[in-house]
Structures are given as C-alpha cells and as structure tokens.
Amino acid sequence: MAEAPRCVNQADRPKTLRADGYELGLPCTNHIRNRLKGFGTVCGSCATNPVKNVWCNTLATLFDDALDEKRLLRPAFLLARGFKAQILPDVLDRAAFLVLAGIAGSPGRSVSIFHAEFGKRPEKTTSIEPVRAWDDLFQVFHEDVILEFSFGPLCVWLPAGERFHVVFGSKEMIDQLGNMRDQAGSFSAFVDASHLTEKGKQFLREAYKRYTI
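Quick note on the numbering used here: the sequence shown kicks off at 19 and runs consecutively.
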C-alpha cells in the first residue's frame, strides 16, 4: 500500500544543528552522519493536491538518476548528458530562485520539485508556476531536493543541511549565471568567512572541485 503524504506544519519542525555545530536557521538533517550511513533510495507514489500542486503517481526518476546512494549529485550523470554545472554558496533564497526561473524561461510555467528525507521514498511535486513553486519548496527545505524548470534545461540540486547548492543544465543556461572565475573567488571567500570548522570548510572546498563542470 502506498504511503500517504505527510502534512507537516513548518512551525512544528525542530531546528537541527549540523555535526560541526553550525545552526543553519532552517530545519536540516545531519549531513555527515546521514551521508555515511549510505541508505538506498526507494521510490514511491504520492497523493494529489488540486489547489497548488500536482503530486505525481510516477517514480521520481530524476532524483534517482542524478543522486547516488548517499544522496550526492553524480558528476557522471551531468557529463553523460552534456550538462554544465556551477556550485553557488549558501542556501538558495527566494530572489535567486526567481532569477533562475527567469533564466530558464518565461514565467507562468511549471516547476517540478523532487524531494525526500534521507532514507525515505522520494516524492515529486509539480507547481503550476514559479511563485507557487517557491512556497512549496520552502516546505521541504529540510529535505534533499532537485528542482527542474520545465521550460528550460535547468535544474538545481539542494542537498539537505548543506551551505551550497548546484545549478546544472545546458551550457547556454549555465553561462548566464556569470563568470566562473568570479564565482570561484566568491565561493572561496564565502568558505573562508564562514563559521564552520576546518572539516566543514574542507567539505565545501571539495564540493566546489567536484561540481564545477
């Protein structure tokens, strides 16, 4: 029997500290412990909300194809599809989300949100336009998320609890995000100024090398 979707009250979620003691300010998972456990990903079905979203009863294939068993983005997935990728510092905010929607195409088109808590079945939500998609995304920020803008080959990976996100898609789309060298300097400055432990900073530096494609 399919598991019913959970209705979560944002105010009821407890704040979670990272393993290095940094409080993100948004609910998040313990990324280090979860990544090391190596749970497998199992797909499931979802329900329907006729007001804001269309919850699809299909497997969240992008989520499974793009992420490995530790819920890390697969560079091989990007290379096989000829995608470019750019890692950006900190969590995705609303202004940056709407900028990405503008880069991907004209407003008023749907956005798919693939999301799951670690070790649980992924779900797919299709929001009918970017403004509503942001509201829906905010409800699952504590989960691993991949955004897919249907009106352009552009996606965003939002790993749960991490202080970075990765934008990937066609070369034309990624080139609109700005000069890669400037972004490298920005990301490096962000890491240096962060209040993370040396282990946390090293994790971000390694992520930058891994996901700059």
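We treat Cβ as the ideally placed atom computed from N, Cα and C, and that holds for glycine.
Stretch pair the region 124–138 + the region 202–212: three plus CB contacts closer than 8 Å: no
From the DSSP output, read off the bridge partner residues of Q220. Paired residues: none, contrary to the question.
Spatial distance of L158 from E141 (CA atoms): The displayed chain sequence assigns Val, not Leu, to residue 158. Cα to Cα, the separation comes out at about 11 Å.
The alpha helix (DSSP H) spanning D86 covers which residue range? Counting along the chain, D86 falls outside any alpha helix (DSSP H), and DSSP gives it neither H nor E.
Three-pair Cβ contact test at 8 Å for the region 95–104 versus the region 184–194: Yes, the region 95–104 touches the region 184–194.
Beta-carbon separation of P177 and D154 under 8 Å? no
Hey, out of L118, S145, H183 and F81, whose CA is closest to G170's CA? L118
Boundaries of the beta strand (DSSP E) in which F136 is found, first to last residue: From DSSP, F136 is part of no beta strand (DSSP E); its letter is neither H nor E.
How is the alpha helix (DSSP H) around L97 delimited, first residue to last? P93 to A98
Return the bridge partner residues of I232 from the DSSP annotation. There is no way to answer for residue 232, as the model of the chain reaches only from 19 to 231.
CB-CB under 7 Å to I146, same chain, minus the five flanking residues each way: which ones, in chain order? S128
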